[in-house]
Amino acid sequence: MNYKNFPMVPRVIFGRGSFNQINDVLAPKRLSINAPFIFLIDDFFRGNPWLTSRIQLGYDDRIIFIPTEEEPKTDQIDDLVEDIILQAKERPSGIIGIGGGTVLDIAKAVSIMITNSGEAKDYQGWDLVKNPAIYHVGIPTISGTGAEVSRTTVLTGPEKKLGINSDYTPFDQVILDSELTKDVPKEQWFYTGMDCYIHCIESLTGTYLNEFSKSYGEKAFELCKAIFLDNSLSTKEAQEKLMMASWHGGMSIAYSQVGVAHAMSYGLAFLLGTKHGIGNCIVFNQLEEFYPEGVALFNKMKEKHNITLPTGICAHLSDDDFNTMIKVSLGLEPLWENALGKNWKNIATPEKLRALYEKM
Numbered sequence: 105m106n107y108k109n110f111p112m113v114p115r116v117i118f119g120r121g122s123f124n125q126i127n128d129v130l131a132p133k134r135l136s137i138n139a140p141f142i143f144l145i146d147d148f149f150r151g152n153p154w155l156t157s158r159i160q161l162g163y164d165d166r167i168i169f170i171p172t173e174e175e176p177k178t179d180q181i182d183d184l185v186e187d188i189i190l191q192a193k194e195r196p197s198g199i200i201g202i203g204g205g206t207v208l209d210i211a212k213a214v215s216i217m218i219t220n221s222g223e224a225k226d227y228q229g230w231d232l233v234k235n236p237a238i239y240h241v242g243i244p245t246i247s248g249t250g251a252e253v254s255r256t257t258v259l260t261g262p263e264k265k266l267g268i269n270s271d272y273t274p275f276d277q278v279i280l281d282s283e284l285t286k287d288v289p290k291e292q293w294f295y296t297g298m299d300c301y302i303h304c305i306e307s308l309t310g311t312y313l314n315e316f317s318k319s320y321g322e323k324a325f326e327l328c329k330a331i332f333l334d335n336s337l338s339t340k341e342a343q344e345k346l347m348m349a350s351w352h353g354g355m356s357i358a359y360s361q362v363g364v365a366h367a368m369s370y371g372l373a374f375l376l377g378t379k380h381g382i383g384n385c386i387v388f389n390q391l392e393e394f395y396p397e398g399v400a401l402f403n404k405m406k407e408k409h410n411i412t413l414p415t416g417i418c419a420h421l422s423d424d425d426f427n428t429m430i431k432v433s434l435g436l437e438p439l440w441e442n443a444l445g446k447n448w449k450n451i452a453t454p455e456k457l458r459a460l461y462e463k464m
């Protein structure tokens with residue numbers, strides 16, 4: 105038996121207000137006065153001095169605001185890397201991602217592509233990255249995706265939606281400051297939190313499950329139930345618990361995998377540009393056959409928070425559209441094997457996926 109030697113985030117700061125320490129954390133990592141720190145910040149915070157005023161820019165340091173209406177794309181990564189390399193006198197000292205899963209994934213991908221030749225699409229897959237990434241820091245401003253702790257960066261390329269899964273992907277440093285999540289809109293809070301919940305369900309019911317994944321998955325599941333069903337939590341407690349649920353949910357798939365909901369939502373995202381959190385919810389809503397208990401609890405959470413999911417998003421698609429989504433989804437073989445076992449192809453047929461997509 106060959107066991108994977110997975111990397112983990114080596115340094116993490118947790119605590120409300122810990123973002124104030126960002127400058128102290130970065131100072132020892134500066135390589136030279138000509139090697140800038142590049143801050144990739146969610147465009148949501150443009151013109152928001154509450155966050156940006158705490159970042160002390162020195163020398164050639166830059167802030168680049170990242171639009172997040174769409175999921176990250178491989179050509180977006182290539183453009184950012186080219187821009188950074190052309191403008192910097194030397195290789196940057198580090199990339200700092202401040203935002204949700206989209207920005208964190210972009211920061212991880214950019215840090216990898218600065219040291220690896222070719223285009224980002226060349227590295228979509230498992231263990232294709234040859235050279236270590238430059239120093240990179242993740243600071244989530246919304247909780248749920250697990251992007252702050254995972255070894256993947258999910259990108260939509262010309263042919264597929266697939267992560268750069270590698271030992272060089274995880275952040276070198278993460279700062280978990282729950283205060284940064286205070287302005288998240290309610291629907292987005294729910295959808296992104298459900299990404300974490302669905303991580304738990306897919307990991308805990310999967311064929312790849314082991315005690316490592318189980319211990320993280322069970323803790324994240326327990327936290328999700330407290331956050332989304334318990335009325336007794338203060339706002340601060342709920343924010344801190346969701347931040348840790350996201351962390352544990354992300355860790356739960358390190359030695360495991362996600363499953364049917366993620367595989368099918370990748371199809372939606374590739375064709376329709378559906379954002380990850382809401383896409384997972386739209387798909388999971390139809391997966392009672394695969395995750396009966398998980399979907400029943402999901403429905404309770406939806407009802408409690410008065411969430412109405414979009415319907416009919418696949419109503420006007422052509423046969424070619426459906427086939428594209430099915431191809432992207434079925435291409436994620438480890439996800440299907442984790443969900444359904446070695447003989448998954450007998451269950452997850454193109455016809456089966458077509459029928460499920462038609463319900464969405």
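Residue numbers for the sequence shown follow our numbering, beginning at 105 and rising by one.
We treat Cβ as the ideally placed atom computed from N, Cα and C, and that holds for glycine.
These numbers come from a predicted model, not from an experiment.
- Message: Going by C-alpha to C-alpha distance, which of ALA443, PRO438, ALA419 sits closest to ARG458?
- Response: Among ALA443, PRO438, ALA419, the Cα nearest to that of ARG458 is on ALA419.
- Beta carbon of ALA358 nearer than 8 Å to that of PHE110: Taking a C-beta distance under 8 Å as the contact criterion, ALA358 and PHE110 qualify as a contact pair.
- Task: Could you tell me whether the Cβ atoms of GLU252 and VAL214 are closer together than 8 Å?
- Result: By the CB criterion at 8 Å, GLU252 and VAL214 fall outside the cutoff.
- Item | Cβ of GLY321 within 8 Å of any chain B Cβ | Absent here is chain B; the protein component of the structure consists of one chain.
- Could you give the distance in angstroms between the alpha-carbon of HIS240 and the alpha-carbon of ASP165? One C-alpha to the other measures close to 14 Å.
- Query: Can you name the start and end residues of the beta strand (DSSP E) that GLY465 belongs to?
  - Reply: Residue coverage of the chain in this structure runs from 105 to 464, which leaves residue 465 outside it and unanswerable.
- Message: Using only CA atoms, which one of LYS431, PRO396, ASP146, ALA237 lies nearest to LEU284?
- Response: The residue with the shortest Cα to Cα distance from LEU284 is ASP146.
- Query: Roughly how many angstroms lie between the CA atoms of ASN329 and LEU346, to the nearest whole one?
  - Reply: It is Lys, not Asn, that sits at residue 329 in the sequence shown. Whole-angstrom Cα-Cα distance: 10 Å.
- Message: Pull the bridge partners of LYS265 from the DSSP assignment, please.
- Response: BP columns for LYS265 point to THR260.
- Query: Touching or not, the stretch 350 to 367 and the stretch 260 to 269, by the rule of three or more beta carbon pairs under 8 Å?
  - Reply: Between the stretch 350 to 367 and the stretch 260 to 269, the count of C-beta pairs closer than 8 Å stays below three; the two stretches do not touch.
- Out of ASP179, VAL258, GLU393, state which residue places its alpha-carbon closest to the alpha-carbon of THR206. Closest by alpha carbon: VAL258.
- Message: Give me the DSSP bridge partner(s) of TRP230.
- Response: Partner(s): ASN269.
- Query: Who are GLY242's beta bridge partners in DSSP?
  - Reply: GLY242 pairs with GLY201, VAL278.
- Query: Taking one C-beta from the stretch 224 to 231 and one from the stretch 174 to 187 each time, how about it: are there three or more such pairs within less than 8 Å?
  - Reply: Cβ pair count under 8 Å is three or more, so yes.
- Message: Check whether the stretch 363 to 371 and the stretch 424 to 435 touch, using three or more Cβ-Cβ pairs below 8 Å as the test.
- Response: Yes, they touch.
- Task: Given a cut-off of 8 Å, decide if ASP276 and PHE123 are closer than it, judged by their beta-carbon atoms.
- Result: Cβ distance not < 8 Å, so PHE123 and ASP276 don't count as in contact.
- Could you tell me whether the stretch 433 to 444 touches the stretch 402 to 414, where touching means 3 or more Cβ pairs closer than 8 Å? Judged by Cβ distances under 8 Å, the stretch 433 to 444 makes no contact with the stretch 402 to 414, as fewer than three pairs qualify.
- From GLY229 to ASN152, what does the alpha carbon distance come to, in whole angstroms? If I take the Cα positions, the gap works out to 36 Å.
- Please say whether ALA211 and ILE200 have beta carbons closer to each other than 8 Å? Contact annotation: ILE200 and ALA211 have beta-carbon atoms nearer than 8 Å.
- Message: If I measure Cβ to Cβ from TYR301 and keep anything under 6 Å in the same chain, skipping five residues before and after, which residues do I get?
- Response: Shown here for TYR301: same chain residues with a beta carbon closer than 6 Å to its own, the five before and five after excluded, namely CYS328 in chain order.
- Using the beta-carbon count (16 or more within 10 Å), is ASN220 buried or exposed? With 16 or more Cβ atoms within 10 Å of its Cβ, ASN220 is classed as buried.
- Query: ILE386: which of ALA400, THR412, GLU397, LEU130 sits nearest, CA to CA?
  - Reply: That would be THR412, whose Cα lies nearest to the Cα of ILE386.
- Task: Have a look at LEU439 and SER136 and give me their C-alpha separation to the nearest angstrom.
- Result: One C-alpha to the other measures close to 43 Å.
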